[in-house]
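Residue numbers (the working numbering): 69 to 855. Ideal Cβ placement from N, Cα and C applies to all residues, glycine included. Nothing here was measured: the structure is a model prediction, and the numbers come from that model.
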DNA sequence: GAACAGATGGTTTTT
DNA sequence: CCATCTGTTC
């Protein structure tokens, strides 16, 4: 007789989570279905926004451990991002131990149950992204004598694609291949350069794996024969170069894992699991589905998937929403078992009635979209009416006015309150801070890319977007913005100063930088930026004698104190932290902290490949080594940052600083919620211009849709593509803004230019209420416009 | 409703 | 740089 869910688990739950004298509400009926679905049963949870998805996953895991006595180490839970994995883990630990403690206080338990509960180590629950787990599996279960695989980052894989793929096969100057690749992006010739070509080739490479087609079968696709031959050779060269060094990119990692799972090589690993739970399943691709399915088949583990088709946003990464919407069918076919029935979680605990109604209305107004949703999906419901403020709209004629008025709105909301037309005062709750608000946009970029110089305008300035103008306008009110991904790193003064000081300390007067080897190994942006960086670094050093002494000491490899001898080899981290000491922005400012982390991360990443492991050699008897160690740091540490190829990743953002206005891409906002959400539905759209139709009202599919059409006929997903590329592009926009709007807890504010105003705007735009038949429904939206 | 001049704006998202 | 959109004029 084990711990019983109704009899022991729930009473313990009541006891463990009392807050201010009241117990936390018990899981509702639909959540309970998900939690208690039998340990051995495949479970299909369709969970709308704000319905307690993570809660159900956590409690299901805790129920499996306590009631079904499944060892924590036999439970595998994967999520889409590293950050989400960390959150799930902390929830399991944070809820699990109080719960177990409360269970142990339950006098009715048998001695055996008690013994079990006392032995439970929740740390052993395996959580992570699928990629991190594949990496672990391959590492721990490699054939004897084989080197562990080394995961490479995007910077390196891009470089290898260009140097070992494109160049040797003359793809940079192959007209036929150009024409074909251009066709994939609908002949959008602007910005067609080596980088764009490389990116498309990488997408093709990824997609060939994600759709389980394989490079070899590209010849059978609808590709001209001469093109497919040279493209295949290029991709094979890329692969061979990586394989010969034991390197893996993301596509190869997952592919390799699946192959070895199928061959039974990973059975030791697979069989350690009894339960596999997958979060955000709607963003899985075919390759990932096959990994999960094969893992469960080899091990006999039961599969639980959780997701929401309306929140599938990662088609460009191969995500195929049919894998989620048709999960019961696909599961039944693969395992030759009955199809699991969906458990719908549709009670929303996040938002006010107005927000829920708005979001429900948005997702059903386009008739064609209904065909691709999970069958019989109920609308989002509320546990009880939670009246709030109306949906607000701030629309202006120009971007400048819009930014000023949005900034002013935020200032008032954040201060004494903003008076709505009906007299209600909108004000952040007690203890409310600017961080309770956020701005969501399709991209967090603060500036448009710098235009090409022309005769009339030889030195064009990049044009600001809403996030950039809003930063300036808020700055006038002393309100700070947190948007570390908003500007190219290499352009930021603080990055230039840090980079410049490092350059000056490592390579005084640029002797190493000037060598041919270095000039060839770094990109054009780095060549352009390094001198500016040095100027900024020197300028700063001049104003701070102690800093100057530090840099000069390094430059001459002389500590400047008698009795000390400069060591033959020093970790550059010492220099980095020495300098950081004098740049308070890098430790006091939240954005500065992120920028510093970019430097430390890239140093760790490059240390893997450089023989010097991030150390500076200054042994006078070995001048070659001295130069080589500096060269590596210049080329593989600082140059990638200057070249704009290293980004701020998701996990670096951690939690948002409370006094700052976060600016996020809608993709980044998935899984988050904010009391007040501003959604940019059209600050970029001054006209009904073709070039940005894909962002609001597509007339054809984009590169990812075209790639799907190309490869689907050859993949196991044959037949899932019944809709045109254009329709799928529309579907994607519906989902994107569904996610954006449903982040709001209390207040949702739509912002944009007047031409995209939902009532009476003239530019067709999915986000402002148009359906794909070009019918504007915006006038029927209950939006209160703040004019 | 055709024909023309002048304006507009550049694919985004990430393990 | 240039295809496409917008507004003006006949």
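- Residue environment analysis places residue 379 among the buried positions, since at least 16 neighbouring C-beta atoms fall within 10 angstroms of its C-beta.
- If you ignore the 5 residues before and after residue 686, its C-beta comes within less than 8 angstroms of the C-beta of 625, 634, 635, 636, 637, 638, 694, all in its own chain and listed in chain order.
- Going by DSSP, residue 620 is part of the alpha helix (DSSP H) stretching over 613-623.
- Per DSSP, the continuous beta strand (DSSP E) segment holding residue 506 begins and ends at 505-509.
- For residue 145, the enclosing beta strand (DSSP E) starts and ends at 143-147.
- As summarised for the stretch 633-668, the continuous beta strand (DSSP E) elements at least 3 residues long and confined to that stretch are 637-639, given in chain order.
- Residue 573 is classed as buried because its beta carbon has at least 16 other beta carbons within 10 Å across all chains shown.
- Under the three-state reduction of DSSP output, residue 290 falls in the coil class, being neither helix nor strand.
- For residue 481, same chain residues with a beta-carbon under 8 angstroms away, outside a window of 5 residues either side, are 494, 495, 496, 505, 744 in chain order.
- CA-CA distance, residue 267 to residue 286, rounds to 18 angstroms.
- Within the stretch 158-243, the complete alpha helix (DSSP H) segments of 4 residues or longer fall at 179-187, 198-208, 222-228, listed in chain order.
- When C-beta atoms of the stretch 463-476 are compared with those of the stretch 532-551, three or more pairs fall below 8 angstroms, so the two segments count as touching.
- Secondary structure at residue 137: coil, using DSSP grouped into helix, strand and coil.
- Within its own chain, the residues whose Cβ lies closer than 6 angstroms to the Cβ of residue 447, once the five positions on either side in sequence are excluded, are 428, listed in chain order.
- Of the other Cβ atoms in all chains shown, fewer than 16 fall within 10 Å of the Cβ of residue 327; this residue is therefore exposed.
- Taking a contact to require three or more Cβ pairs closer than 8 angstroms, the stretch 346-356 and the stretch 318-337 qualify as touching.
- For the pair residue 140 and residue 190, the CB atoms are nearer than the 7 angstroms cut-off.
- Across the structure, residue 449 and residue 422 are spaced so that their CA atoms are roughly 12 angstroms apart.
- Here residue 115 is bridged, per DSSP, to 413.
- Counting other Cβ atoms within 10 Å of its Cβ, residue 274 reaches 16 or more and is therefore classed as buried.
- Just so you know, the alpha carbons of residue 661 and residue 795 end up roughly 42 angstroms apart.
- Around the beta carbon of residue 579, fewer than 16 other beta carbons sit within 10 angstroms, so the residue counts as exposed.
- No Cβ-Cβ contact shorter than 7 angstroms links residue 376 with residue 147.
- Ranked by how close their Cα comes to the Cα of residue 109, the residues 208, 529, 364, 205 have 364 in first place.
- Check the Cα spacing between residue 236 and each of 306, 437, 171: the tightest is with 306.
- Close CB contacts of residue 166 within its chain, under the 6 angstroms cut and outside five residues either way in sequence, are with 84 (chain order).
- Note on geometry: alpha-carbon atoms of residue 651 and residue 703 lie some 24 angstroms from one another.
- 670 is the residue among 823, 163, 670 whose C-alpha sits nearest the C-alpha of residue 711.
- Within its own chain, the residues whose Cβ lies closer than 8 angstroms to the Cβ of residue 405, once the five positions on either side in sequence are excluded, are 110, 399, listed in chain order.
- Around the C-beta of residue 811, 16 or more other C-beta atoms lie within 10 Å, and the residue is accordingly described as buried.
- The Cβ atoms of residue 601 and residue 561 do not sit closer than 7 angstroms to each other.
- Taking the Cα of residue 337 as reference, the smallest distance to any Cα among 185, 99, 204 is reached at 204.
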